[in-house]
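In terms of my numbering, the sequence shown is residues 1072 to 1297.
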Amino acid sequence: MTTSSHNLRLPFSIDNENIWFVSQLLCPVVLRNKMRGEDIRLCRCSSHSIPHVTDLEFDFLINNQISCPEQITVICVYDSSMAEDGTLREIEELYAHKNRTRNMPCIQSRLDPFRLLKYNISSADEFNDRAGSLLVYRHNVAPGMFLMYIQGKLLFANYVLNGYSTSAKDLQKQIVKTKNDYQMGYHLPSDFRVRNQNPNWTVKGHWPRYTAQFARGVTGTSKPPL
1072 MTTSSHNLRL PFSIDNENIW FVSQLLCPVV LRNKMRGEDI RLCRCSSHSI
1122 PHVTDLEFDF LINNQISCPE QITVICVYDS SMAEDGTLRE IEELYAHKNR
1172 TRNMPCIQSR LDPFRLLKYN ISSADEFNDR AGSLLVYRHN VAPGMFLMYI
1222 QGKLLFANYV LNGYSTSAKD LQKQIVKTKN DYQMGYHLPS DFRVRNQNPN
1272 WTVKGHWPRY TAQFARGVTG TSKPPL
């Protein structure tokens, strides 16, 4: 699906007249329903369960960021068809802690340093005509990986730090590191694909930094030689 490449901007103070418009740009559920012709106007996402993003609204949501200009959107990749292993439990707890007093978390988190979204490989294509996960096709992602974006730029696509870790502490360390890379002008090509899904191949997170350095200023047509 083709989406606009223009970033939309709104004042960070939102009055009642703008709250529906902002909901459909920040909340994957509201945006998805609008794209499907359904009338769900306001974010009513849970304050203790990370919202899901699907292939239908993914590109629009990532490419039209109206939150804090340097907010990192973190996509937590998992597969519900696999046996429950609790890998996202700590990340869910982190989300719940951040949003414990919020009743419209997608809107109220717009000034946070980062926001969390879940991506379920086995059902992400539910509302698309084409079968198969967009992110598997585009980036060769696997369950347990995280993708990080700012203003539509892909900054990180891998397991965090020390392999299969999905601990909130390690994720937050990687977020800080990724933000530093972004501020130095580093990002990954838009067509970047993970070529080796063995997390032991990475050493304390240095591989993501290497690929980001290689991609500095790249428009998305080149890939690092892995």
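Just so you know, even glycine gets a beta-carbon here, dropped at the ideal spot from N, CA and C.
Any idea which residues DSSP pairs residue i with across the strands?
i, result
"residue 1217", "1147 and 1229"
"residue 1123", "1189"
"residue 1224", "1221"
In angstroms, rounded to a whole number, what distance separates the CA positions of residue i and residue j?
i, j, result
"residue 1107", "residue 1097", "16 Å"
"residue 1255", "residue 1161", "30 Å"
"residue 1209", "residue 1195", "13 Å"
"residue 1238", "residue 1152", "21 Å"
"residue 1112", "residue 1177", "13 Å"
"residue 1224", "residue 1114", "25 Å"
"residue 1140", "residue 1175", "20 Å"
"residue 1093", "residue 1222", "16 Å"
"residue 1191", "residue 1199", "14 Å"
"residue 1116", "residue 1110", "15 Å"
"residue 1228", "residue 1126", "17 Å"
"residue 1124", "residue 1197", "11 Å"
"residue 1240", "residue 1179", "23 Å"
"residue 1216", "residue 1136", "22 Å"
For residue i, I'd like the list of residues in its chain whose CB is within less than 8 Å of its CB, leaving aside the five on either flank, ordered along the chain.
i, result
"residue 1211", "1264, 1265, 1266 and 1268"
"residue 1226", "1143, 1219, 1220, 1249, 1252, 1253, 1257, 1258, 1259 and 1283"
"residue 1128", "1099, 1102, 1103 and 1106"
"residue 1121", "1147, 1159, 1162, 1163, 1166, 1187, 1188 and 1189"
"residue 1246", "1143, 1145, 1184, 1185 and 1219"
"residue 1119", "1163, 1166, 1167, 1170 and 1171"
"residue 1150", "1191, 1192, 1193 and 1214"
"residue 1173", "1118, 1179 and 1180"
Cutting at 6 Å between CB atoms, please list the residues of its own chain near residue i, excluding the five before and the five after it.
i, result
"residue 1242", "1231"
"residue 1138", "1181"
"residue 1297", "Residue placement at residue 1297 is flagged as unreliable, the pLDDT there being 32, under the threshold of 50; the coordinate-derived value follows with that caveat. Closer than 6 Å at Cβ, skipping near neighbours: 1266."
"residue 1289", "Unreliable placement is indicated for residue 1289, whose pLDDT of 41 sits below 50; no coordinate value is reported for it."
I need the DSSP call for residue i, collapsed to helix, strand or coil.
i, result
"residue 1254", "helix"
"residue 1159", "coil"
"residue 1263", "coil"
"residue 1175", "coil"
"residue 1202", "coil"
"residue 1196", "coil"
"residue 1184", "coil"
"residue 1142", "coil"
"residue 1111", "coil"
"residue 1238", "coil"
"residue 1133", "helix"
"residue 1094", "helix"
"residue 1106", "helix"
"residue 1212", "coil"
"residue 1167", "helix"
"residue 1248", "helix"
Beta-carbon within less than 7 Å of residue i's beta-carbon, same chain only, minus the 5 sequence neighbours each way: which residues are those?
i, result
"residue 1095", "1101, 1102 and 1105"
Open item on the list: Across the region 1194 to 1205 and the region 1132 to 1145, are there enough close Cβ pairs to call them in contact, namely three or more that are closer than 8 Å?
Closed with: no
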